Amino acid sequence: MEQEFASTLLENAVSEFAKLPGIGRKTALRLVLHLLKQEPQSARQFGEAIIRLRDEIQYCEVCHNISETPRCPICSDPARDSATICVVENVKDVMSIENTHQHHGLYHVLGGLISPMDGIGPQDIEINSLEERVKAGGVSEVILALSATMEGDTTNFYIFRKLAPYTDVKITMLARGVSVGNEIEYTDELTLGRSILNRTLFSDTFHK
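According to the working numbering, the sequence shown holds residues 41 to 248 in order.
Structure (structure tokens):
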């Protein structure tokens, strides 16, 4: 039975917070009541930050990472190794890998994984744009840094087959220090860093 509120404004605010992942109505109510205790300016800044985030954020035209400009800071950094592309599922994985300080190349954010059960095919994620980057030249290695799940492995194999014609490009994957079944964002930085440093050729996995 849902709690009834004396104020429609309060009820509406709680309903909006409750739409966030992992936030139930009780937690949403606590958050809203916390905001009401703040100075009006603080609450206004909170609201404006959310609105600006939604209105002004964009995705990098090269790697599809979150950015405030057409090209993200990583792709724009001349100090990065543009010949190495690390392929990840989402923006959170970029953050996780960046925190290891072990990858100095660029990224490619797929925006999901191939999952037939969920109706997600290769055409629904950014695989074609990855091939276009490789086809354009200048890429010597593509690191497959996807979660060690069935969906991650399926996507790894599809990308490997897609890029197979580009014989001058080495396709590698994270060392299996990342346990099978684990998602990248939940892997500790030390393990993830070692997995990047000790990455192996994807083709070697066929012989094990």
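For each residue, glycine too, the CB sits at the ideal point set by N, CA and C.
If you're wondering where the values come from, they're calculated on a predicted model, not measured in any experiment.
Just so you know, the alpha carbons of residue 59 and residue 50 end up roughly 15 Å apart. In the DSSP assignment, residue 74 forms no beta bridge with any residue. The beta carbon of residue 170 sits closer than 6 Å to those of 148, all from its chain and outside the five residues before and after it, given in chain order. Excluding residues up to 5 positions away in sequence, 99, 112, 114, 115, 131, 134, 147 and 149 lie with their Cβ nearer than 8 Å to the Cβ of residue 105 in the same chain. Residue nearest to residue 178 within the set 193, 206, 165 and 93 is 206 (criterion: CA-CA distance). Counting every other CB atom within 10 Å of its CB across the protein chains shown gives residue 232 a total of 16 or more, marking it as buried. Here residue 129 is actually not in contact with residue 154; their C-beta atoms are around 10 Å apart, not less than 8 Å. Residue 117 and residue 62 have their C-alpha atoms some 36 Å from each other. At the C-beta level, residue 83 and residue 71 stay beyond 7 Å of one another. Only residues of its own chain outside the window of five on either side were considered, and among them 213 have a CB closer than 8 Å to the CB of residue 245, listed in chain order. Shortest Cα-Cα distance from residue 139 to any of 241, 242, 240 and 236 involves 236. Rounded to whole angstroms, the Cβ separation of residue 199 and residue 241 is 14 Å, and the two are not in contact under 8 Å.
Annotated three-state conformation of residue 103 is coil, per DSSP. Excluding five sequence positions before and after residue 102, the CB atoms of its chain that fall closer than 8 Å to its own CB belong to 111, 112, 115, 146 and 173, given in chain order. Residue range 121 to 128 is occupied by the beta strand (DSSP E) that includes residue 126. Excluding five sequence positions before and after residue 238, the CB atoms of its chain that fall closer than 6 Å to its own CB belong to 215, given in chain order. The beta carbons of residue 68 and residue 57 sit closer together than 7 Å. By the C-beta density criterion, residue 90 is exposed, having fewer than 16 other C-beta atoms within 10 angstroms. For residue 153, there is no enclosing alpha helix (DSSP H), since its DSSP letter is neither H nor E.
DSSP lists 124 and 210 as the bridge partner or partners of residue 181.
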